[in-house]
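Below is one structure, written out as structure tokens; comments come after it.
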Amino acid sequence: MSELTNRAIAHITEQMMQDQNNPAIVALEEYLTDLCTSDSVANLLLSKDKSLKGALKAIENVARKKAVGNCGVVPPDEAVDIIRGYYGIQANEDGGTRDAHAETKPDEIIDVMALLAGM
6 MSELTNRAIA HITEQMMQDQ NNPAIVALEE YLTDLCTSDS VANLLLSKDK
56 SLKGALKAIE NVARKKAVGN CGVVPPDEAV DIIRGYYGIQ ANEDGGTRDA
106 HAETKPDEII DVMALLAGM
């Protein structure tokens with residue numbers, strides 16, 4: 006890791022520590038820490054106008070729009086898109102980190118039945 010990525014991780018960890026009793030903030034910090042593997046992502050996480058609370062607010066806004074009664078849900082894959090959009094992180098800017106949106110290539114698929122038949 007570079008000095009910049011270390012600084013970005015320290016920055017978001019510090020934000021999380023200010024609201025460490027909020028499990029959503031903790032989860033955001035953990036996700037972004039895992040994602041921060043390149044200087045381009047680190048620069049985006051260090052933006053003065055971006056914060057974990059702001060990212061959570063962006064997710065909450067979408068949940069409110071989808072709410073039925075008093076319940077609004079944002080699926081995890083959509084939350085990831087919202088977080089990336091909030092910080093401006095493009096899919097190819099994560100230093101090669103694979104996430105739930107990564108496509109599985111045919112040569113990476115394991116045929117479980119063939120595997121079991123060989124036992």
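For the sequence shown, the numbering used here assigns the number 6 to the initial residue and increments by one for each residue that follows.
Backbone N, C-alpha and C define an ideal beta-carbon position, used for all residues, glycine too.
Asked, Found
"Taking the alpha helix (DSSP H) that SER45 falls in, what are its first and last residues?", "44-50"
"Measuring straight from C-alpha to C-alpha, what distance separates LYS4 and ASP82?", "What the structure shows of the chain is the stretch from 6 to 124, and residue 4 is not part of that stretch, so it cannot be assessed."
"With a threshold of 16 other CB atoms inside 10 Å of the CB of CYS76, please say whether the residue is buried or exposed.", "exposed"
"VAL79 to GLU8, Cα distance in whole Å?", "34 angstroms"
"Should ARG69 go down as buried or exposed, given a rule of 16 or more other Cβ atoms within 10 Å for buried?", "exposed"
"If you measure from the CB of ARG12, is any heavy atom of the ligand HEM nearer than 7 angstroms?", "With respect to the ligand HEM, the structure shown offers nothing to examine, as it has no ligands at all."
"Could you tell me the distance, in whole angstroms, from the CA atom of HIS65 to the CA atom of GLN25?", "The question names His, but residue 65 is Glu in the sequence shown. Those two C-alpha atoms are separated by around 18 angstroms."
"With distances taken from CA atoms, which of MET21, ALA72, VAL46 is nearest MET6?", "VAL46"
"Which residues in the same chain as LEU57 place their Cβ atom closer than 8 angstroms to its Cβ, once the five residues preceding and following it in sequence are excluded?", "ILE17, GLN20, MET21, ASP24, ILE30, LEU33, GLU34, LEU37"
"Distance, Cα to Cα, ALA60 vs ASN48?", "16 angstroms"
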